[in-house]
Amino acid sequence: MKTSKQVLFLIQGLLLTTSLQCFAEEVENIEDDLIDSSLEDLLGMETELKADIGSRSGARNFLESRSPLDVITFDQIDRSGLTSLTDVLRYFVAGFNAPENSKTDGSDHVQTFTLRGMSPDQILVLVNGKRLHTSALLHVNTVIGRGSSHTDLNTIAVQSIEKIEILRDGAAAQYGSDAIAGVINIILKGVGHKNSISVSGGARAKGDGEQYDVNTFLSLPLKYEGFANLTLSMKGEGKTQRAGADRRLEIPEVKTHVGVPKSENFLATFNAEMPLRNDMVLYSHGLFDYRNSEASAFYRTPDPDRALSPEGFLPMINAEVIDYSITAGVNGEIGDGYFWDMSNIIGYNSSKVGIDNTMNYALGMDSPRSFAGGQLEFLQNTFNADLTKTVDSFDISGGFEYRYENYQIHKGDELSYVDKGAQGLSGFLPDNEADKNRHSYALYTDIVYNFNDDLSFEGAGRFEDYSDFGSTINGKLSMGYKVISELLLRASASTGFRAPSLAQSSYSQTVSGLLGPDGQILTKGIFTPDHVVSQALGAKPLKAETSKHITAGFVYQPINDMSFIVDYFFTAVDDRIMLSNDLEGTTEAQKAILAENGVAKARFFNNAVNTETQGVDVKFNYQYTFDNDSVLDFGTWFNYTQNKVTGFNEQHITRENSFAQIDRMENGQPKTALKFLTHYQFKPFDITLNLNRFGEYQQVTTGKAFKFDAAWTVDLDVSYQILDNMLIAVGGTNIFNETANKWKELDGVYYGTNGFLPYSQYAPFGYSGGYYYLRTTFEF
Amino acid sequence: MTKYGVLLMVLVFFSSGQLHAYQSEDKLKAAIIGKLAKFITWQTHNRDEFVITVLNNPFDDLLETLYKNKQIKKKPVKIKYINDIKELSATHILYIPHISQRELDTILGSIEGKNILTISDIRGFSQKKGMIQIYFVSQKVKLKINHDVSKNEDLKISSRLLRIATIVENEAE
Chain Z
1 MKTSKQVLFL IQGLLLTTSL QCFAEEVENI EDDLIDSSLE DLLGMETELK ADIGSRSGAR
61 NFLESRSPLD VITFDQIDRS GLTSLTDVLR YFVAGFNAPE NSKTDGSDHV QTFTLRGMSP
121 DQILVLVNGK RLHTSALLHV NTVIGRGSSH TDLNTIAVQS IEKIEILRDG AAAQYGSDAI
181 AGVINIILKG VGHKNSISVS GGARAKGDGE QYDVNTFLSL PLKYEGFANL TLSMKGEGKT
241 QRAGADRRLE IPEVKTHVGV PKSENFLATF NAEMPLRNDM VLYSHGLFDY RNSEASAFYR
301 TPDPDRALSP EGFLPMINAE VIDYSITAGV NGEIGDGYFW DMSNIIGYNS SKVGIDNTMN
361 YALGMDSPRS FAGGQLEFLQ NTFNADLTKT VDSFDISGGF EYRYENYQIH KGDELSYVDK
421 GAQGLSGFLP DNEADKNRHS YALYTDIVYN FNDDLSFEGA GRFEDYSDFG STINGKLSMG
481 YKVISELLLR ASASTGFRAP SLAQSSYSQT VSGLLGPDGQ ILTKGIFTPD HVVSQALGAK
541 PLKAETSKHI TAGFVYQPIN DMSFIVDYFF TAVDDRIMLS NDLEGTTEAQ KAILAENGVA
601 KARFFNNAVN TETQGVDVKF NYQYTFDNDS VLDFGTWFNY TQNKVTGFNE QHITRENSFA
661 QIDRMENGQP KTALKFLTHY QFKPFDITLN LNRFGEYQQV TTGKAFKFDA AWTVDLDVSY
721 QILDNMLIAV GGTNIFNETA NKWKELDGVY YGTNGFLPYS QYAPFGYSGG YYYLRTTFEF
Chain G
781 MTKYGVLLMV LVFFSSGQLH AYQSEDKLKA AIIGKLAKFI TWQTHNRDEF VITVLNNPFD
841 DLLETLYKNK QIKKKPVKIK YINDIKELSA THILYIPHIS QRELDTILGS IEGKNILTIS
901 DIRGFSQKKG MIQIYFVSQK VKLKINHDVS KNEDLKISSR LLRIATIVEN EAE
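Protein sequences, first through last, are from chains Z and G. Residue numbers for the first sequence follow this note's numbering, beginning at 1 and rising by one. Residue numbers for the second sequence follow this note's numbering, beginning at 781 and rising by one.
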């Protein structure tokens with residue numbers, strides 16, 4: 001294994017050397033090349049990669065952007081062999097982290113992700129430039145991204161994607177709330193793509209976690225390069241099992257499930273544009289996902305006194321996720337170069353929870369074995385009207401946005417919450433039910449001043465008023481300066497914000513059935529910040545997180561096919577929203593109010609801390625064509641990110657009393673990430689070989705921080721174009737089956753080297769090991 | 781491992797190749813405008829120069845740079861820039877950038893019967909009675925040709941060009 005890896009390192013070094021020697025060669029006159037090329041050659045050339053994100057003044061070469069930008073194309077996505085968007089981003093983007101959550105209730109079913117180690121809800125996700133709604137699920141367990149409700153990236157069929165644009169800069173002054181760590185813009189396939197059917201299947205190195213994906217992309221050409229595209233995808237994943245033996249048993253054996261949950265997904269995406277003869281374009285796109293997934297809670301050990309299932313049982317938590325969004329819009333040109341655009345997008349997410357193979361102890365032999373635990377729903381409607389005009393050297397744009405949001409919690413069936421509720425996950429109580437609305441409107445402008453071909457400035461401003469927490473004004477200034485034609489210096493400074501989500505301000509999840517000192521029944525759990533108990537414990541109405549950003553860097557592009565990019569970034573966030581610890585009250589007055597309300601312990605969201613994030617991204621990309629027409633793409637990406645909690649705003653969150661939470665923010669994710677991405681095309685073969693290094697990380701348990709080593713993984717995909725319209729491929733991610741460290745020097749029954757949770761769930765490449773697959777695509 | 785690595789690196793260092801070159805869309809369009817001429821036969825233009833006229837020049841000095849001291853159909857290339865169709869004089873090619881539908885109708889109407897090859901990147905250009913449309917799909921340039929219009933204008937397009945382009949028809953009136 002070690003030798004194989006050394007060979008791979010050697011190959012990567014070789015490819016880098018190839019790149020460098022090619023660079024050393026004399027650069028021919030590109031203009032002469034073009035004129036001397038045949039028309040067929042010209043039609044075969046690749047053009048610059050453009051991105052829409054980062055400025056409202058239209059698509060531009062992403063390497064000439066005033067802010068750090070990355071683009072992942074559908075070719076690259078295809079060659080990754082991956083079928084979920086979260087995995088695709090983890091595969092290509094250094095600093096994008098998406099651990100595999102397990103034993104974390106709802107978080108097992110909606111994968112959390114971060115960029116630069118910041119919160120998942122500090123990333124804005126757009127589809128075709130339009131805001132995508134977030135999931136209804138609020139992550140309240142001890143996962144990376146705890147306290148957030150973010151966009152569920154896995155609701156988008158990857159086969160429907162033309163490219164992914166990633167803006168690595170604060171952009172709330174341009175796009176509004178959430179654009180603090182960055183913006184991900186998913187561009188759906190447009191005109192000119194062939195119909196296709198793809199099938200892939202595989203399994204983990206250990207033989208479990210089998211996956212299949214069957215999808216089809218259908219495109220109907222319309223007049224004037226219009227199109228109506230439809231992508232349908234069915235995919236399924238078997239659970240992986242990485243639990244250790246349960247030493248609570250007389251004879252230890254594996255009882256609990258630890259690993260990726262079993263899931264079934266049906267996804268559909270449509271994207272259509274219908275240009276009219278009068279310069280107007282009608283457009284629409286939509287996403288739909290139905291997901292059913294199943295993960296387990298902790299194993300309930302045998303208990304002879306338990307009337308029902310005395311032999312022990314493993315409660316299973318099922319999630320039924322329904323997610324859709326529909327966008328409809330129209331754009332056109334009026335007068336002398338005034339481009340306008342109006343659109344409306346409705347987004348909806350529902351997460352229904354069921355608990356199976358369990359019981360409610362209080363009901364004894366009469367207990368059902370399955371319960372409906374309740375439902376979370378989130379609805380978002382966003383209307384935008386934009387106007388853009390170029391006047392001399394100025395690209396001027398502005399617009400209006402109105403947004404409506406609704407968040408609902410529905411109780412579970414009565415038996416799921418009475419007394420202590422269903423084992424594994426108690427259903428939502430009637431007291432937890434919520435139906436909260438809010439709306440906001442925004443006015444924004446964005447002006448680009450092109451001083452000349454080499455120097456440009458951009459200023460953006462946005463005023464936004466929310467019905468729940470008030471208004472905010474944010475601004476952004478950026479500049480790009482080509483010192484010489486090969487070297488672009490760029491910098492930006494901005495302010496931003498993230499509105500507290502409706503989930504954070506309306507969510508409550510309590511469990512009853514705790515016996516008080518005087519025999520009374522008490523409850524505990526998460527209460528809304530405006531609940532009388534939370535107020536007594538010091539909760540205040542949630543306000544927006546505010547941020548300040550600086551980026552500075554350069555793009556050196558000595559030739560069209562080579563770029564060297566360095567960007568420094570700094571983001572300070574004040575009033576970050578966190579979930580408090582369980583609080584019981586420290587004063588007599590507080591304790592009295594808790595007792596009056598029958599509450600034993602309470603948690604609530606609050607604007608608890610200030611943080612600083614800084615680091616650097618270093619990228620090198622190169623493409624080279626050999627004399628035999630084979631093409632080599634080589635890219636390296638290094639990311640260093642440091643997150644630091646710099647201030648505490650509330651006495652119930654301090655470094656001492658919230659050590660695990662604070663350490664998760666600062667050290668729970670790798671500070672470094674390194675990727676060597678290589679693609680070699682020698683028709684009819686395509687070979688993709690990636691090397692990834694995930695830096696070390698740590699997790700706190702039992703009040704102590706435990707470190708986990710950095711690791712290298714290798715991904716490989718080899719495809720063969722068997723027919724003009726058909727390819728077959730074999731590949732794998734983490735092909736050498738690198739496994740995350742087990743806990744060191746910790747030997748608990750739960751967490752520990754020999755515990756039934758032997759791995760940290762923060763492991764940045766998961767702990768389920770290598771995955772191998774076969775895939776084929778047929779075009780028609 | 782080190783000695784094998786050095787050996788392989790040396791081998792690769794002496795291998796040969798060429799630049800792949802990502803082209804800017806404008807540069808590629810500018811090159812294709814002249815390249816298309818090779819596949820077209822004009823019936824009535826017997827000038828000493830090959831004339832390309834560009835309306836509302838979107839290319840800056842790209843065309844001059846590309847076609848400086850170059851020949852098309854064995855004639856020196858002359859680039860003309862106009863801001864109004866009324867300024868149009870005899871030309872082989874007229875390149876039309878993004879303009880409104882109303883302006884496009886006016887321009888195409890005004891040059892009817894003048895044996896001029898029209899090229900544009902306007903969406904739907906070829907279906908709107910333009911001749912050759914340049915457009916981009918996934919970083920590759922594509923061509924659409926309205927063969928009926930070119931025949932009406934007495935322009936002969938080689939079968940080789942017709943093979944690599946998409947042929948479209950006029951939209952229904």
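Beta carbons: idealized from backbone N, C-alpha and C, even for Gly.
Interface partners of G/A870 on chain Z, CB under 7 Å: What G/A870 touches in chain Z: nothing, since even the nearest Cβ is about 24 Å away.
From the DSSP output, read off the bridge partner residues of Z/L443. Per DSSP, Z/F400 and Z/F463.
Looking only at DSSP bridge pairs, what is Z/S719 linked to? Z/D686 and Z/A729
Would you decide whether Z/N278 is buried or exposed? Buried here means 16 or more other CB atoms lie within 10 Å of its CB. exposed
Please list the residues of the segment 899-924 of chain G that have a C-beta atom closer than 8 Å to any C-beta atom in chain Z, keeping them in chain order. Here the close residues are R903, G904, Q907, K908, Y915, F916, V917, S918, Q919, K920, V921, K922 and L923.
Using the C-alpha atoms, what's the distance from Z/R603 back to Z/N581? 6 Å
Three-state class that DSSP yields for Z/S505 in the structure shown: In the displayed model, Z/S505 falls within a helix according to three-state DSSP.
With DSSP as the reference, please indicate the residues paired to Z/H679 in a beta bridge. Z/D633 and Z/T688
By Cβ distance, which residues of its chain are closer than 6 Å to Z/F383, with the 5 residues on each side in sequence left out? Take Z/F383, set aside five residues on each side of it, and the residues of its chain with a beta-carbon closer than 6 Å to its own are N344 and Y402, in chain order.
Just the chain G side, please: which residues come within less than 7 Å of Z/K223 by C-beta, in chain order? G904, Q907 and E951
Please determine, among Z/D454, Z/N560 and Z/K436, the residue with the shortest C-alpha to C-alpha distance to Z/S467. Per the Cα distances, Z/K436.
Contact criterion: CB-CB distance below 8 Å. Does Z/T560 meet it with respect to chain G? With the sequence shown as reference, residue 560 of chain Z is identified as Asn, and Thr is not the correct amino acid for it. Chain G, which has a Cβ nearer than 8 Å to the Cβ of Z/N560, makes this yes.
Relative to the alpha-carbon of G/I879, which residue among Z/I251, Z/L34 and Z/Y338 has its alpha-carbon at the smallest distance? Z/Y338
Could one say the Cβ of Z/D686 lies closer than 8 Å to chain G's Cβ atoms, at least one of them? no
Have a look at Z/N725, Z/S658, Z/A710 and Z/V645 and flag the residue whose alpha-carbon is nearest the alpha-carbon of Z/M118. Z/V645
Tell me whether Z/H133 sits in a helix, a strand or coil according to DSSP, three-state version. coil
Closer than 9 Å at the beta carbon, the chain G residues around Z/T390: Chain G residues near Z/T390: none, gap ~11 Å exceeds 9 Å.
Would you mind working out which of Z/E294, Z/E46 and Z/V714 sits nearest Z/E237, comparing C-alpha positions? Z/E294
Please state if the CB of Z/N692 and the CB of Z/W712 are separated by a distance shorter than 8 Å. yes
Within the continuous alpha helix (DSSP H) that includes Z/Y417, where are the two ends? E414 to Y417
To the nearest angstrom, report how far apart Z/H285 and Z/A328 are at their CA atoms. 7 Å
Determine the DSSP secondary structure at Z/D392, reduced to helix, strand or coil. coil
Could you tell me if G/D840 is buried or exposed, where buried requires 16 or more neighbouring beta carbons within 10 angstroms of its beta carbon? exposed
Partners in chain Z for G/Q823, counting only beta-carbon separations shorter than 7 Å: Under the 7 Å cutoff, chain Z gives no residues; its nearest Cβ is about 22 Å from G/Q823.
Examine the Cβ distances between the segment 415-432 of chain Z and the segment 371-380 of chain Z and report whether three or more of them are shorter than 8 Å. yes
Please decide whether G/L942 counts as near chain Z, where near means a Cβ-Cβ distance under 8 Å. no
Determine whether the Cβ of Z/E165 lies closer than 8 Å to any Cβ atom of chain G. no
DSSP-derived helix/strand/coil call for Z/Q661: Of the three classes helix, strand and coil, the one that applies to Z/Q661 here is helix, per DSSP.
For Z/H257, which residues does DSSP report across the bridge? According to DSSP, Z/H257 bridges with nothing at all.
May I ask you to report which of helix, strand or coil DSSP gives G/A811? DSSP places G/A811 in helix when its eight states are reduced to three.
By the 10 Å Cβ neighbour count, where 16 or more other Cβ atoms means buried, how is G/I944 classified, buried or exposed? exposed
How about Z/L82: is its Cβ closer than 7 Å to a heavy atom in the ligand COA? Among the components modelled here there is no ligand, and therefore nothing to report on the ligand COA.
Going by the beta-carbon positions, is the gap between Z/A503 and Z/N349 smaller than 8 Å? no
Chain Z beta carbons: is any one of them nearer than 8 Å to that of G/Y802? yes
In this structure, does DSSP put Z/M365 in helix, strand or coil? When secondary structure is reduced to three states using DSSP, Z/M365 falls in the helix class.
Using a Cβ-Cβ cut-off of 6 Å (strictly less than) and excluding sequence neighbours within five positions of G/V948, which residues of its own chain qualify? S906, Q907, K924 and N926
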